[in-house]
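**Student:** Per this note's numbering, residue 316 is the first one in the sequence shown, and the count goes up by one each step.
By construction, the Cβ of each residue, glycine as well, lies at the ideal position given by its N, Cα and C atoms.
For reference, the structure I am asking about is given below.
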Amino acid sequence: MNGWATGVQLQYNDPECKEDYCNIQRICSKLTTRGKPPLDLLADIYKTNVPSRECLAEILRSVIAALQNGKSSDEGRMSEFHACTSRGLYPTCSQASCPFFTGRDRDYFYYAKWLCELGFGLSDKEILEGIEELKAYVGDFRSTTNILSINGDADPWYPSSIYEEGEGPEVEM
């Protein structure tokens, strides 16, 4: 999930939240204060958002329970469901057998697939069919040469994008 370093999902950045360090503005404000090393400031933020009694197993149980709650209107749950069922968009991984292989040391694909299986009861076959539907819709993106990636190699589509300066018109990098 997003935000492991801060203990909060920054992807949803709620500017009206009231808790300490619950959005990007509050976290940046803390990180830009002087007096402590940056790593200590980050540790303070994390400890505030993830009480020490929570271990990874408890956090994962909580995440799965939230995904399984069919009555929830949480936008994070809906976003995860959308990724699992209609987009087929998953993080990259470092094994060539993965649908979004980049050769980098990233194995989040299996975690994302596991969330879809346990959280929503989707079968491996259903998940992989969604990925194949996406690939059929967008074509073989590995041979595409005109995608500009603003995120560099953090973007799973970067192998088919312009991410290094080359011959031709000047591109701002």
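How many Å lie between residue 331 and residue 340 at the Cα?
**Tutor:** C-alpha separation (whole angstroms): 10 Å.
**Student:** With C-beta atoms as the reference, is residue 365 less than 8 Å away from residue 322?
**Tutor:** Yes, Cβ-Cβ distance for residue 365 and residue 322 is below 8 Å.
**Student:** Any C-beta of chain D sitting closer than 8 Å to the C-beta of residue 333?
**Tutor:** In the displayed structure, chain D is absent; only one protein chain is listed.
**Student:** Do you know how far the Cα of residue 434 is from the Cα of residue 374?
**Tutor:** Their backbone Cα atoms lie some 14 Å apart in a straight line.
**Student:** What is the rounded straight-line gap between the Cα of residue 346 and the Cα of residue 396?
**Tutor:** Straight-line Cα distance between these residues: approximately 33 Å.
**Student:** Verify whether the separation of the beta carbon atoms of residue 380 and residue 389 is less than 8 Å.
**Tutor:** No, Cβ-Cβ distance for residue 380 and residue 389 is not below 8 Å.
**Student:** Could you give the DSSP three-state label for residue 384: helix, strand or coil?
**Tutor:** Correct three-state label for residue 384: coil.
**Student:** Please tell me whether residue 401 and residue 445 are closer than 8 Å, where the distance is taken between their beta carbons.
**Tutor:** Yes, Cβ-Cβ distance for residue 401 and residue 445 is below 8 Å.
**Student:** Which residues in the same chain as residue 431 place their Cβ atom closer than 7 Å to its Cβ, once the five residues preceding and following it in sequence are excluded?
**Tutor:** Same-chain partners within the cutoff: 399, 437 and 442.
**Student:** Would you tell me roughly how many angstroms separate the C-alpha atoms of residue 440 and residue 351, rounded to the nearest one?
**Tutor:** Approximately 50 Å, taken between the alpha carbons.
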